[in-house]
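Everything on this sheet refers to the single structure shown next.
Residue numbers (full-length UniProt numbering): 1 to 343.
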């Protein structure tokens, strides 16, 4: 709109300077803001309609404009085009800079998208748990501590991993060890922001936002591994998001697990009882066979006991004692202290 206003002013100036036909008519019509009939305009003139906000202004401009007017018009057009291009470039540079800065820092103004899932570890074949100050990948399906909230933190797929039961964040300290913290922080001591990377196999990798070379990983036994030793593509760093089972499914699985445990205990107790019964029966048979083999013996007649003559006791020989070692000054002091305490 500003460019059109400038063009209208240029045309008005040119018409007032270089118009020889009826100048009084032009000024009169401009003041009254009227448009005359095209039949009254001579054939050597042409009507230009220039847009001005709120009205249309009619001016008569000569067909043969001089070279000065044309050069002035071209200069104005080039200047307007150059100004428009510079404004667009400055706006685009500022926007890209703003996007880069916002992608690098967490979004604290808007609320992130939260998803309650279970993180299945490919290495341990169990789920990640966050309980107390400990983090491992040894949780069963439907475990209370295996319910994890993944919250989107930024444009660049940055997320935070938090336990639903405890409310603690899964973090990583400066040594690359996986820890659990109640308060979220992103500084030199520990970091709780990860970047989620999707693989072609369908698994997800979680690398540290501050250090993209460090990945979250767990071993076969469910214990966490050092982040600096992990690389993308290893099975230790591959995770799969699974839906949280409903309460009915959890109770069903718990009943099945209890039933299996009870059946196993029942089997062991039955085996123990059978083996014990067999041992008893064998011991009875052995006793019966022994009693059959032994001849029946008559009870012995008791004879009165005769008094025994006492022999004089011989004196005991005295064992010579070892000679005492001479005490040193240090031992003598210790002995003196003990005697004082006893007193």
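Every residue, glycine too, gets a C-beta built ideally from N, C-alpha and C.
Touch test, the region 132-152 against the region 213-223, Cβ-Cβ under 8 Å, three pairs minimum: In short, these stretches touch, since the Cβ pair count reaches three.
Nearest-angstrom Cα separation, counted from residue 194 out to residue 231: Those two C-alpha atoms are separated by around 15 Å.
Where residue 256 sits in the DSSP three-state scheme: Shown here, residue 256 sits in a helix according to DSSP, grouped into three states.
Contacting residues, own chain, Cβ-Cβ under 6 Å from residue 190 (five flanking each side not counted): Once the five neighbours on either side are set aside, the close Cβ partners of residue 190 are 171, 173.
Residue from 229, 127, 260, 161 whose Cα sits closest to the Cα of residue 206: Nearest of 229, 127, 260, 161 to residue 206, Cα basis: 161.
In DSSP terms, what residue 161 is bridged to: Answer is 150.
Cβ contact (3+ pairs, closer than 8 Å) linking the region 256-268 and the region 145-159: At 8 Å Cβ cutoff, the stretches do not touch.
Secondary structure of residue 223, DSSP reduced to three states: Three-state result, residue 223: coil.
Which of helix, strand or coil DSSP assigns to residue 183: Residue state, collapsed to three classes: coil.
Residue 116 and residue 151 closer than 8 Å at C-beta: No, the Cβ-Cβ distance between residue 116 and residue 151 is not below 8 Å.
Beta-carbon proximity of residue 182 to residue 167, cut-off 8 Å: Against a cut-off of 8 Å, the Cβ pair of residue 167 and residue 182 comes out as a contact.
Exposure label - residue 270; buried when at least 16 CB within 10 Å: Residue 270 sits exposed, since fewer than 16 C-beta atoms from the chains shown fall within 10 Å of its C-beta.
Nearest residue (CA-CA) to residue 204, options 239, 213, 210: Checking every option, the nearest Cα to that of residue 204 belongs to 239.
Where the beta strand (DSSP E) containing residue 188 begins and where it ends: That residue, residue 188, is in no beta strand (DSSP E); it is neither H nor E in DSSP.
Local conformation of residue 122 per DSSP, three classes: Coil at residue 122, not helix or strand.
Sheet register partners of residue 116 (DSSP bridge): Per DSSP, 149.
Opening and closing residue of the beta strand (DSSP E) in which residue 172 lies: First-last of the beta strand (DSSP E) with residue 172: 169-173.
Neighbourhood of residue 228 by C-beta, 7 Å cutoff - its chain only, sequence neighbours within 5 removed: Closer than 7 Å at the Cβ level, and outside the excluded window around residue 228, lie 176, 214.
Bounding residues of the beta strand (DSSP E) (the contiguous stretch that carries residue 143): Counting along the chain, residue 143 falls outside any beta strand (DSSP E), and DSSP gives it neither H nor E.
Identity of the residues DSSP links to residue 240 by a beta bridge: Residue pairing by DSSP places residue 240 opposite 120 in a beta bridge.
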